[in-house]
Amino acid sequence: MAVFLNGDDPDEIAFGMNATSFMRLVSLAIGQTMGERREIVVTDLDHESNIATWLALEREGALIRWWKVRDDGTLDVADLEPLLSSRTRLVACTVASNALGTIIDVAEVARRAHAAGAEVFLDAVQYAPHGPIDVKAWGCDYLVCSGYKIFAPHMGFLWGRRAALETLPTFREEFLPDTPPSKIEVGTFVYENVAGMNAAIEYLAELGEMCDGGGNGGSSSYRQRLVTAMEAIRQYEGGLSCALLEGIGAIKGASVYGIQDPKAIAQRLPTFLFNLTNISPATVAANLAAKGIAVRDGNMYSPRLMKRLVPRQSSAVRASLVHYNTRDEIRRFVDAVEEIACNTRQDRPANIIPLWNSKPPSPQPEPLDIVGDRLHEAISLLRDITGDP
7 MAVFLNGDDP DEIAFGMNAT SFMRLVSLAI GQTMGERREI VVTDLDHESN
57 IATWLALERE GALIRWWKVR DDGTLDVADL EPLLSSRTRL VACTVASNAL
107 GTIIDVAEVA RRAHAAGAEV FLDAVQYAPH GPIDVKAWGC DYLVCSGYKI
157 FAPHMGFLWG RRAALETLPT FREEFLPDTP PSKIEVGTFV YENVAGMNAA
207 IEYLAELGEM CDGGGNGGSS SYRQRLVTAM EAIRQYEGGL SCALLEGIGA
257 IKGASVYGIQ DPKAIAQRLP TFLFNLTNIS PATVAANLAA KGIAVRDGNM
307 YSPRLMKRLV PRQSSAVRAS LVHYNTRDEI RRFVDAVEEI ACNTRQDRPA
357 NIIPLWNSKP PSPQPEPLDI VGDRLHEAIS LLRDITGDP
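Numbered according to the numbering used here, the sequence shown spans residues 7 to 395.
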């Protein structure tokens with residue numbers, strides 16, 4: 007895991023229940039060590055878990071400064087600068103939006119925050135399956151992630167600079183050493199989840215070796231194989247993103263939020279938020295589910311962002327892609343959304359059989375398969391990108 011993050015010391019990593027619990031653990035400790043630096047910067051682009059945990063420190067005397075998302079769905083670091091001062095304790099932000107897919111220039115965030123004497127806390131949950139993580143290049147002080155996002159079990163982990171972790175006050179049993187990771191990993195260790203996490207990282211390393219045509223004869227380092235995998239994934243998913251944006255953008259009544267310019271595709275993940283005119287997000291999601299296509303509707307645990315984007319209903323539909331999806335699936339998805347946009351009435355989803363109707367539904371396409379043979383297909387696609395046979 008340390009290699010996956012490009013960290014120096016495995017003891018800088020702690021495993022636990024989920025990313026949210028680690029956010030709270032760190033925020034509680036920060037609340038006890040604010041001193042004269044009582045200002046904390048948060049963003050309205052973030053998942054609520056990386057907002058509420060810092061707002062809770064207001065009762066401890068913290069002052070919250072809001073870094074606001076722009077109308078195009080981006081966080082501009084120029085807007086951060088006026089919020090930083092000698093009173094800033096910490097900047098908390100996401101690496102990429104879980105709702106819009108917008109990627110933040112976190113390295114520049116860290117540079118500016120550190121220049122003001124503040125620390126940086128990053129939420130890498132949404133970004134992790136889509137690109138290489140490099141805590142050294144990013145210059146952050148803390149980073150949290152969820153294992154299930156990178157194809158591992160439901161668990162979370164925290165990385166922190168050793169010096170920062172050593173000074174954090176945390177709850178622990180008296181017989182445990184007051185050093186990381188022991189001071190952070192409270193209670194019984196979840197061994198089976200950590201084993202699953204290791205298997206997921208091994209899979210990504212194997213994927214990198216395949217994309218690299220055998221890992222340069224075995225000379226590539228473990229880190230190099232992981233970076234190769236994640237960079238190939240980024241490139242392949244960029245093509246999927248362009249195809250989806252083009253398809254949804256051509257549908258009458260469809261509104262896509264966030265970055266839409268194909269030339270700026272590198273600034274976003276293949277996570278897409280959209281709505282259809284006069285059709286509720288729940289109706290769209292139900293219709294797609296009936297066609298074997300899984301999306302999410304609601305506020306994406308980003309209610310503050312959603313109120314700005316969709317003030318009338320504070321809800322939207324989110325389609326999330328990863329490296330095992332294909333262009334054929336994009337076409338199928340776009341066709342399904344277009345059919346919903348043309349045929350669905352607001353009061354009843356099309357192709358959904360009411361409970362009072364005893365007639366069985368007509369056969370639907372099989373759900374998208376995400377395992378087995380699809381893995382080999384994904385590997386072939388990624389290898390095509392690199393030009394290796």
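Quick reminder that beta carbons are idealized off the backbone N, C-alpha and C, glycines included.
query: Do you know whose CA, among Phe10, Lys269, Val323 and Met40, lies nearest Thr173's CA?; result: Met40
query: To which residues of the same chain is Asp147 closer than 6 Å at the C-beta, ignoring the five residues directly before and after it?; result: Glu125, Val126, Arg167 and Ala170
query: Tell me which same chain residues have a C-beta within less than 7 Å of the C-beta of Ile156, skipping the five on either side of it?; result: Ala134, Pro135 and Ala206
query: According to DSSP, is Cys99 helix, strand or coil?; result: strand
query: Taking 8 Å as the threshold (C-beta atoms), are Ser152 and Asn24 in contact?; result: yes
query: Taking Asp341 as part of the alpha helix (DSSP H), name the residues at either end of that continuous run.; result: Arg333 to Asn349
query: Using the Cβ count rule (16 or more neighbours within 10 Å means buried), how would you classify Asp14?; result: exposed
query: Label Glu243 either buried or exposed according to how many other C-beta atoms from any shown protein chain fall within 10 Å of its C-beta, with 16 as the threshold for buried.; result: buried
query: Which word fits Glu208, buried or exposed, when buried means at least 16 other C-beta atoms lie within 10 angstroms of its C-beta?; result: exposed
query: If I follow the unbroken beta strand (DSSP E) through Phe21, where does it start and stop?; result: Ile19 to Gly22
query: Roughly how far, in whole angstroms, is the beta-carbon of Gly162 from the beta-carbon of Gly22, given that I think they are within contact range, below 8 Å?; result: 5 Å
query: Quick check: the segment 243 to 252 against the segment 108 to 117, are there 3 or more CB pairs under 8 Å?; result: no
query: If Val262 sits next to Phe278, beta carbons under 8 Å apart, how far is it from one beta carbon to the other, in whole angstroms?; result: 6 Å
query: Between the Cα of Arg93 and the Cα atoms of Ala20, Arg43, Glu335 and Cys99, which residue gives the shortest distance?; result: Arg43
query: Taking just the CA atoms, how far does His329 sit from Ile336?; result: 12 Å
query: What are the start and end residues of the alpha helix (DSSP H) that includes Val316?; result: Element bounds for Val316: n/a, residue is neither H nor E.
query: Are the segment 192 to 205 and the segment 58 to 66 touching, with three or more C-beta to C-beta distances below 8 Å?; result: no
query: If you pair each beta-carbon of the segment 304 to 320 with each one of the segment 229 to 247, do three or more pairs fall below 8 Å?; result: no
query: Counting contacts by CB-CB distance shorter than 8 Å, is Arg65 in contact with chain D?; result: Although the question refers to chain D, the structure presented lacks it and comprises just one protein chain.
query: Can you check the segment 24 to 55 for any alpha helix (DSSP H) of at least 4 residues that lies completely inside it and give the ranges in chain order?; result: 25 to 37
query: Taking all protein chains shown into account, do 16 or more other C-beta atoms lie within 10 angstroms of the C-beta of Ile38, making it buried, or fewer, making it exposed?; result: This sequence places Gln at residue 38; Ile is not what is there. So Gln38 counts as exposed.
query: Near Gly264, which residues of its chain fall below 7 Å by C-beta distance, leaving aside the five closest residues on each side in sequence?; result: Gly79, Leu106, Gly107, Thr108, Arg274 and Leu279
query: Expressed to the nearest angstrom, what Euclidean distance is found between the alpha-carbon atoms of Asp184 and Ile36?; result: 17 Å
query: Based on the DSSP output, what are the partners of Ala2 in its beta bridges?; result: The chain is shown only over 7 to 395; residue 2 falls outside these bounds and no answer can be derived.
query: Going by the beta-carbon positions, is the gap between Ser308 and His53 smaller than 8 Å?; result: yes
query: Taking all protein chains shown into account, decide if Pro16 is buried (16 or more other Cβ within 10 angstroms of its Cβ) or exposed.; result: exposed
query: Report the residue ranges of all alpha helix (DSSP H) runs contained in full by the segment 147 to 182; include only those spanning at least 4 residues, in chain order.; result: 168 to 173
query: Could you name the residues of the same chain whose beta carbon sits closer than 8 Å to that of Leu182, not counting the 5 residues immediately before and after it, in chain order?; result: Ser188 and Lys189
query: According to DSSP, is Leu361 helix, strand or coil?; result: Interpretation of Leu361 is limited by its pLDDT of 29, a score under 50 that renders its predicted location unreliable; the figure taken from the coordinates is listed afterwards. Residue state, collapsed to three classes: coil.
query: As a quick exercise: from Arg318, Arg302, Pro276 and Asn284, pick the residue whose alpha carbon is nearest that of Ile346.; result: Asn284
query: Return the first residue and the last residue of the alpha helix (DSSP H) that Asp303 is part of.; result: Where Asp303 is concerned, there is no enclosing alpha helix (DSSP H), although the beta strand (DSSP E) it sits in stretches over Arg302 to Gly304.
query: If I measure Cβ to Cβ from Pro373 and keep anything under 7 Å in the same chain, skipping five residues before and after, which residues do I get?; result: Residue placement at Pro373 is poorly supported in this model, since its pLDDT is 38, which falls under 50; the coordinates still yield a value, given next. Excluding sequence neighbours, Pro373 sits near Gly298.
query: My parser needs the alpha helix (DSSP H) runs of 4 or more residues fully inside the segment 198 to 276; what are they?; result: 221 to 224 and 228 to 255
query: Per DSSP, what kind of secondary structure is Val126 in: helix, strand or coil?; result: strand
query: Only counting the same chain, and skipping five residues up and downstream in sequence, which positions put a Cβ closer than 6 Å to that of Thr234?; result: Gly214, Cys217 and Asp218
query: So is Ala116 buried or exposed if we call it buried at 16+ other beta carbons inside 10 Å?; result: buried
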